[in-house]
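Visitor: If you count the sequence shown from 1, position 686 lands on 685 in numbering that gives the first Met the number 0, and the numbers rise without skipping.
Idealized CB from N, CA, C, for every residue including glycine.
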Amino acid sequence: MRGLVYTLVLGAATIALVAFLAARQQPPDSVRDLVTVATLVVTVALATVIKTRLRIRSTTFYFAWVETAIVIGLAVAPPSWVVLATGLGVACGSITRLAPIKVAFAIAKHTLVAGGTAATTLLLGTAWPPREPIGIVMLLGFVYLVAAVLDDVLAIPVIALASRTPILRQFRNDLDLRIAGFGVRFLVAVATVLILRIDPRLLPAVPPLVLSLHLAYSSRIRTRTEQQAWQRLARATDALNVVDLDQVLTTAVTEAAELFSADEVEVELREGGRVVRGSAPGIAYDGTAPPSSEVDGRIMPVALEGHDRADDLGVLRLRFAGPVELSEREQYTLRTFASALCTAVRNAQAYAELARIADAHAYAATHDALTDLSNRRHLLDEGTAHLTTRHADGVTALVLIDLNHFKEVNDTLGHGAGDQVLIQVAERLRGAARPDDLVARLGGDEFAVLLRALPAPAVAAHRAEALLTALHDPLDLDGMRISVEASGGIAVAPATGGMAELLRRADVAMYQAKRAGQRIATYAAARDTADLGRLTLGGELPRAVADHEFTVNFQPIVDLASGEVTGAEALARWHHPTHGLIDPLRFLEAVERSGLLPAFAEAILDQALIAAGTWRDAGFDLPVSVNVSPRSLLDARFPGAVLARLRAHDLPPDRLVLELTETLTLSQLDVVDRVLSRLRDSGVRLALDDFGTGYSSLSLLSRIPVHELKIDRSFVTAMETAPEAAAVIRSTLDLGRSLDLTVVAEGVESEPQRRALWELGCAAGQGHLFARPLPAGALLAALQRGAGGRPGAL
Ligand code: C2E
Ligand code: CA
Ligand code: CA
0 MRGLVYTLVL GAATIALVAF LAARQQPPDS VRDLVTVATL VVTVALATVI
50 KTRLRIRSTT FYFAWVETAI VIGLAVAPPS WVVLATGLGV ACGSITRLAP
100 IKVAFAIAKH TLVAGGTAAT TLLLGTAWPP REPIGIVMLL GFVYLVAAVL
150 DDVLAIPVIA LASRTPILRQ FRNDLDLRIA GFGVRFLVAV ATVLILRIDP
200 RLLPAVPPLV LSLHLAYSSR IRTRTEQQAW QRLARATDAL NVVDLDQVLT
250 TAVTEAAELF SADEVEVELR EGGRVVRGSA PGIAYDGTAP PSSEVDGRIM
300 PVALEGHDRA DDLGVLRLRF AGPVELSERE QYTLRTFASA LCTAVRNAQA
350 YAELARIADA HAYAATHDAL TDLSNRRHLL DEGTAHLTTR HADGVTALVL
400 IDLNHFKEVN DTLGHGAGDQ VLIQVAERLR GAARPDDLVA RLGGDEFAVL
450 LRALPAPAVA AHRAEALLTA LHDPLDLDGM RISVEASGGI AVAPATGGMA
500 ELLRRADVAM YQAKRAGQRI ATYAAARDTA DLGRLTLGGE LPRAVADHEF
550 TVNFQPIVDL ASGEVTGAEA LARWHHPTHG LIDPLRFLEA VERSGLLPAF
600 AEAILDQALI AAGTWRDAGF DLPVSVNVSP RSLLDARFPG AVLARLRAHD
650 LPPDRLVLEL TETLTLSQLD VVDRVLSRLR DSGVRLALDD FGTGYSSLSL
700 LSRIPVHELK IDRSFVTAME TAPEAAAVIR STLDLGRSLD LTVVAEGVES
750 EPQRRALWEL GCAAGQGHLF ARPLPAGALL AALQRGAGGR PGAL
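Written out as structure tokens, the structure reads:
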């Protein structure tokens, strides 16, 4: 822009030189001439002062009457005088009030306009100056047009440069108003010239005319400017009406820069000290540690406070490169804008808070509050989403993990400890999971891990193994070490049925694991009977108890040497009307949880005792073993109930063996001690079931003297391949011998197992090798049939 001004100054200086040389040929030689020149200079100076103001950024532009004065001057005086008087007049009118560069620009521009216009009159030759009224209007009009166009051509590029708008757009801006202005000033010029021609004494009428026209015109301009300003303010505040804080701040900065023609705008928020800075084209800085501004000049700060000044959110700063004053209207606009920005910021902050709360709710809805793992719903949703967008790359599988004996932890150590166990288990699972896995707590002591993008189905088993291994080391509950055992079920995503079916299959697999006495089982369609998960829901259990749907099968316990049957274990079965026979491991937990345990236990005990009575009547006086839930041992009325059933069926107490599972409950609680002592003192025999797997310890045995140990099936299964299993069996047998306990091996499935057990000194066993669990009548028939001609042997 500076370069442009210098060019103009150079051009103007040339023209002034030419005019000076011409004026030397035709110097003012009379007093009249001197008055004319002086009047010209004063008129131009006045015309420079009376003007319409337009501020763009820190630069203010003025539209003045100078070209009117030039045209009038040309009608009454030699062109060279007019050019020189114009330069001089503009200098007088502006020198004290404007910056030097602007004075230079003003003088140069008007000198050039005067020069150009003067040249035009010279081209008109003798027709100029016009004398007839028609000529005055026509020629004056032409000359005036030249002056006006020259004025625009010189001014507009500079304004466009300063305001960074395209020249053409700047030219079109307010074109109508400018044309109207030209018209008005042209009329003034014509009127003045006519008056001078008719009678110069009328000249005093000219200034009032000019003044009133000027006032009318500039009030039009002001109205127009104001209208546009309000519209822009309305648009700007509208644009602030968004809920995203970033967008509010960006919009505020760019719109304010535009609205107030500021060189830089900055919004500083009190909360968090965030500063957003920029100008009309965009944001230059957004952060909390702004560098000092590059715009050095006037700063106008406005507090961001609401109408009621109740809140103070921060400050809006306008920066100008030069010494700018805002008009009253602009100050009002600024306050209005700041207030709208305050509202917008407050709304955006409120919205962000709402969004945060909604997020937190969404998180809570999909996560388990205790362990912070995903919950069942989230697992189902994520799994469903994953299965429906079926990834070509890899297999999806689900591992279901169920803690054994968790209820006893809760019952004996309290819910606080139970929660601790769950939290620590969750941590271990999370630690053992891969980034792709989704670990969830389904409720209670049931966990699930969704394995995604597995390279092959077989990998699922390894990963499940790793997950369960993570639970292997004892947990530390405030210094107390507790072992958790868990069972796992693995299922690979089926082709149909989606997530619900996947979950069901993993569930089936988990029960298969429990039943088979394994830590982990993989879903096998062959062993899947029906959807039993639902059975434990709804009102199924009370009906099952009421309708005697629970029955008992009996598995004989035999002498491993002779095959003679020495007892029978009662094993519960659920004859479900639609689902058929259901294994105990699938409903026992639900029964224990339901409050129906006493009724269930009594029904089983009754049937066992009835069966024993029938066998005795048939000549086989066998003790019957009945499994007891740990929960029953927490019930002080349990011994009374057992003894009452024995009396009712007229059986001596030593015909009943109660099989207890080694649990935390057995080891920790006084009530258990009392219940067991009472049973034992009244002659009932006690067996420790699943010996070797649980919380067993010798101290337990010394405190609760039992009559019998049952070696868990897993050791029998593994004894031929795993030396550790054989070692456990051997030491159990040693223990049995030294404490004078009967030892029964469970799960004897093969002849080699039987022989090996017998050789180790194990006298009794049960298992599929001898018989599967049978209804009482079928067992009696088998006893009567006998083996090798010996009734009572298998
Ligand atoms: P348990 O007391 O260890 O019972 C032995 C389980 O092993 C029975 O499973 C039986 O059918 C199975 N079994 C027997 N011989 C073999 C064999 O050679 N190979 C294999 N693989 N398995 C064999 P069942 O009947 O499904 O019972 C499972 C568990 O349910 C029982 O384990 C017991 O803890 C519990 N249970 C059964 N009936 C009752 C009951 O009336 N009350 C309570 N509280 N628990 C019961
Ligand atoms: Ca048992
Ligand atoms: Ca057992």
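At a threshold of 7 Å, does Asp688 count as lining ligand 2 (C-beta to nearest heavy atom)?
Guide: Yes, the Cβ of Asp688 comes within 7 Å of a heavy atom of ligand 2.
Visitor: Within the stretch 166-195, note down every full alpha helix (DSSP H) run reaching 4 residues or more, in order along the chain.
Guide: Fully enclosed alpha helix (DSSP H) runs of 4 or longer: 166-171.
Visitor: Have a look at Arg702 and Asp669 and give me their C-alpha separation to the nearest angstrom.
Guide: The straight-line gap from Cα to Cα measures roughly 11 Å.
Visitor: Is Pro583 near ligand 5, in the sense that its beta carbon is under 7 Å from a heavy atom of that ligand?
Guide: Questions concerning ligand 5 fall outside what the structure shown contains, since the ligands it does hold are ligand 1, ligand 2 and ligand 3.
Visitor: What does the alpha-carbon distance come out to for the pair Phe769 and Asp410?
Guide: Rounded to whole angstroms, Phe769 to Asp410 spans 38 Å at the Cα level.
Visitor: Please name the residue, chosen from Tyr350, Gly488, Val420, that lies closest to Leu476 on a Cα-to-Cα basis.
Guide: The option with the nearest alpha carbon to Leu476 is Val420.
Visitor: Can you give me the C-alpha to C-alpha distance between Tyr143 and Asp243, rounded to a whole angstrom?
Guide: In a straight line, the C-alpha of Tyr143 is about 55 Å away from that of Asp243.
Visitor: Got a sec, what are the start and stop residues for the alpha helix (DSSP H) Asp418 sits in?
Guide: Segment 414-431, the alpha helix (DSSP H) holding Asp418.
Visitor: With contact counted as at least three CB pairs below 8 Å, one residue from each stretch, are the stretch 397-414 and the stretch 356-374 in contact?
Guide: Result no; under three Cβ-Cβ pairs closer than 8 Å.
Visitor: Is Thr565 near ligand 1, judged by its Cβ being under 7 Å from some heavy atom?
Guide: The answer is no for Thr565.
Visitor: Going by Cα to Cα distance, which pick from Ala190, Arg171, Ser29 is closest to Val70?
Guide: It is Ala190.
Visitor: At what residues does the alpha helix (DSSP H) containing Ile609 begin and finish?
Guide: Unbroken alpha helix (DSSP H) run through Ile609: 596-616.
Visitor: Quick check: does the Cβ of Glu591 come within less than 7 Å of any heavy atom belonging to ligand 2?
Guide: Not under cutoff, so the answer is no.
Visitor: Exposed or buried, Ala15, counting other C-beta atoms within 10 Å across all chains shown (16 or more means buried)?
Guide: It is buried - the Cβ of Ala15 has at least 16 other Cβ atoms within 10 Å.
Visitor: Contact between the stretch 467-482 and the stretch 363-370 is defined here as three or more beta-carbon pairs at a separation below 8 Å; is this criterion met?
Guide: The answer is no - the stretch 363-370 does not touch the stretch 467-482, with fewer than three Cβ pairs under 8 Å.
Visitor: For Val641, collect the residues of the same chain with a Cβ closer than 6 Å to its Cβ; drop the 5 residues on either side in sequence, then sort them by chain order.
Guide: Excluding residues within five positions, none has a Cβ falling inside 6 Å.
Visitor: Taking only heavy atoms of ligand 1 into account, decide whether any of them is closer than 7 Å to the Cβ of Ser810.
Guide: With the chain covering only 0 through 793, there is no way to say anything about residue 810.
Visitor: According to DSSP, is Arg56 helix, strand or coil?
Guide: In this prediction, Arg56 has a pLDDT of 49, which is less than 50 and means its spatial position is unreliable; what the coordinates show is noted afterwards. If DSSP states are grouped into helix, strand and coil, Arg56 belongs with coil.
Visitor: Going by DSSP, what residues sit across from Gly442 in a beta bridge?
Guide: Paired residue(s): Glu445.
Visitor: Can a CB atom of chain B be found closer than 8 Å to the CB of Leu608?
Guide: Looking at the structure shown, chain B is missing, and only one protein chain is on hand.
Visitor: To the nearest whole angstrom, what separates the beta carbons of Val301 and Arg318, a pair I think is in contact under 8 Å?
Guide: That pair is no contact at about 12 Å.
Visitor: Excluding five sequence neighbours on each side, which residues of the same chain lie with their C-beta closer than 7 Å to the C-beta of Gln230?
Guide: Here the set comprises nothing.
Visitor: Using only alpha-carbon positions, find the residue among Asp649, Gly272, Pro280, Pro27 that is nearest to Gly286.
Guide: Cα-wise, what sits closest to Gly286 is Gly272.
Visitor: In its own chain, which residues sit with a C-beta less than 8 Å from the C-beta of Glu548, not counting the 5 before and 5 after it?
Guide: Excluding residues within five positions, the ones whose Cβ falls inside 8 Å are Arg542, Trp573, His574, His575, Pro576.
Visitor: Consult DSSP for Trp573 and reduce its assignment to one of helix, strand or coil.
Guide: Note: Trp573 maps to strand in three-state DSSP.
Visitor: Taking DSSP as the reference, what is the three-state secondary structure of Tyr522?
Guide: Three-state result, Tyr522: coil.
Visitor: Based on the DSSP secondary-structure assignment, which residues constitute the bridge partners of Glu797?
Guide: Nothing can be reported for residue 797: it is not among the residues displayed for the chain, which extend from 0 to 793.
Visitor: Ligand 1 and Val742: does any heavy atom of the ligand fall closer than 7 Å to the residue's C-beta?
Guide: No, since every heavy atom of ligand 1 falls outside the 7 Å radius drawn around the Cβ of Val742.
Visitor: Tell me the rounded alpha-carbon separation between Ser326 and Leu333.
Guide: Distance between the alpha carbons of Ser326 and Leu333 is about 10 Å.
Visitor: Can you check which of these residues, Ala460, Thr120, Asp711, is closest to Gly516 by C-alpha distance?
Guide: Selected option, being the one with the closest Cα: Asp711.
Visitor: Where in the stretch 332-400 do unbroken runs of the alpha helix (DSSP H), each at least 4 residues long, occur, reported from the N-terminal end onward?
Guide: Counting only runs of 4 or more, we get 375-387.
Visitor: Go to Leu317, then tell me how far its beta strand (DSSP E) extends in each direction, as first and last residue.
Guide: Leu317 -> beta strand (DSSP E) spans 311-319.
Visitor: If contact is defined by three or more beta carbon pairs under 8 Å, each pair taking one atom from either stretch, is the stretch 652-663 in contact with the stretch 679-690?
Guide: With the cut-off at 8 Å, the stretch 679-690 and the stretch 652-663 touch.
Visitor: Any heavy atom of ligand 2 inside 7 Å of the beta-carbon of Glu658?
Guide: True, at least one ligand heavy atom lies under 7 Å from that Cβ.
Visitor: Secondary structure at Gly766, three-state DSSP: helix, strand or coil?
Guide: Three-state result, Gly766: coil.
Visitor: Hey, how far is the Cα of Glu265 from the Cα of Ile166?
Guide: Each residue's Cα considered, the two are about 29 Å apart.
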